[in-house]
Amino acid sequence: MSLLIRTIDRSLSRFPNKFTSIHPKKPLGLSTGKLPYKSKFALEFAEHQSHAGKTYKYWKYATIFLCTPILTYLTYKEGKEFLNEEHEQREFIPYSHMRIRNKPFPWGNNSLFHHPMLNPGPEGEAEIERQTTIQLLQSYYDKLQQYLYEHYERREAMKLALVEGILEQAGKDLQKHKRILVLHENPLYQKQRPFVPSKFAYDWSHTYPVRQDQTPDGY
149 MSLLIRTIDR SLSRFPNKFT SIHPKKPLGL STGKLPYKSK FALEFAEHQS
199 HAGKTYKYWK YATIFLCTPI LTYLTYKEGK EFLNEEHEQR EFIPYSHMRI
249 RNKPFPWGNN SLFHHPMLNP GPEGEAEIER QTTIQLLQSY YDKLQQYLYE
299 HYERREAMKL ALVEGILEQA GKDLQKHKRI LVLHENPLYQ KQRPFVPSKF
349 AYDWSHTYPV RQDQTPDGY
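Here it is, written out as structure tokens:
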């Protein structure tokens with residue numbers, strides 16, 4: 149027990165000394181006229197922050213006014229030269245090991261993205277591949293159109309059902325409110341029940357039924 153007390157006392161005695169370098173004591177009620185104390189770390193951190201701000205501004209302006217125009221010009225130049233290049237038709241060499249199809253592609257037995265100028269094939273293969281690609285794209289387009297049409301019909305059906313449900317519920321609410329209003333305007337009903345404000349309106353018809361000849365419009 150005594151060891152625990154001595155340990156706590158020693159810790160409490162050392163605790164205030166940890167912060168003397170960060171927050172030095174100042175005499176109360178006296179003005180020394182000096183600036184607030186700043187540690188070496190705080191001064192170095194402020195210097196790094198100032199340097200980081202200047203560096204960020206420098207690279208920002210360099211990217212906007214220097215790098216972007218240069219990259220745009222080089223991209224335009226290289227792209228224009230590439231599009232203007234004309235390659236001669238290469239000669240087809242019938243390597244058997246390069247045209248083995250153990251399992252056909254989903255779109256057929258031909259390549260989908262084939263460049264006949266750089267990788268020529270046998271005579272007539274380019275036209276077959278072109279027709280295959282057109283048919284595949286047409287099938288994808290037809291499926292997309294069918295999906296959009298079915299989605300549109302389903303959405304319109306849901307919208308119509310929602311509108312019909314709203315109108316049906318509005319009709320029920322209108323009949324209910326009309327019945328409450330007629331009952332409140334009936335003098336025989338007012339004798340049986342005191343007037344109830346509209347915000348607290350309640351349909352008492354199930355408690356006090358009114359005969360057909362006591363209400364207008366057949367209620």
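So in this note's numbering, the last spot in the sequence shown is 367, and the numbers never skip. From the three backbone atoms N, C-alpha and C, an ideal C-beta is built for every residue, glycine too.
Exercise. Are residue 268 and residue 240 touching if we call contact CB-CB under 8 Å?
Worked result: Contact flag set, yes.
Exercise. What are the partner residues of residue 213, as DSSP defines its beta bridges?
Worked result: Per the DSSP secondary-structure output, residue 213 pairs with nothing in a beta bridge.
Problem set entry | Cα-Cα separation, residue 193 to residue 199 | The alpha-carbon of residue 193 is positioned some 10 Å away from that of residue 199.
Exercise. From residue 301 to residue 308, what does the alpha carbon distance come to, in whole angstroms?
Worked result: Cα-Cα distance, rounded: 10 Å.
Exercise. Buried or exposed: where does residue 277 fall if 16 or more other Cβ atoms within 10 Å of its Cβ makes it buried?
Worked result: Flag for residue 277 reads buried.
Problem set entry | Residues of its chain near residue 178, where Cβ-Cβ distance is below 8 Å and the 5 sequence neighbours each way are ignored | Residue confidence for residue 178 is low, a pLDDT of 48 falling below 50, so the modelled location carries little weight; the figure read from the coordinates is stated next. Excluding sequence neighbours, residue 178 sits near nothing in its chain.
Exercise. Counting only beta-carbon atoms, is residue 309 nearer than 8 Å to chain D?
Worked result: The structure shown contains no chain D, having only a single protein chain.
Problem set entry | For residue 233 and residue 206, the rounded distance between their alpha carbons | Take the alpha-carbon of residue 206 and the one of residue 233: they are about 40 Å apart.
For this session: Whole angstroms is fine: what's the gap from residue 209's alpha carbon to residue 191's?
Result: The straight-line gap from Cα to Cα measures roughly 28 Å.
Exercise. What did DSSP end up calling residue 181 once you bin it into helix, strand or coil?
Worked result: For residue 181, the pLDDT reaches just 49, beneath the cut-off of 50, and the residue's location in the model is therefore unreliable, leaving the point undetermined.
Exercise. By Cβ distance below 7 Å, which residues in the same chain neighbour residue 170 in space, the five residues on each side in sequence not counted?
Worked result: For residue 170, the pLDDT reaches just 49, beneath the cut-off of 50, and the residue's location in the model is therefore unreliable, leaving the point undetermined.
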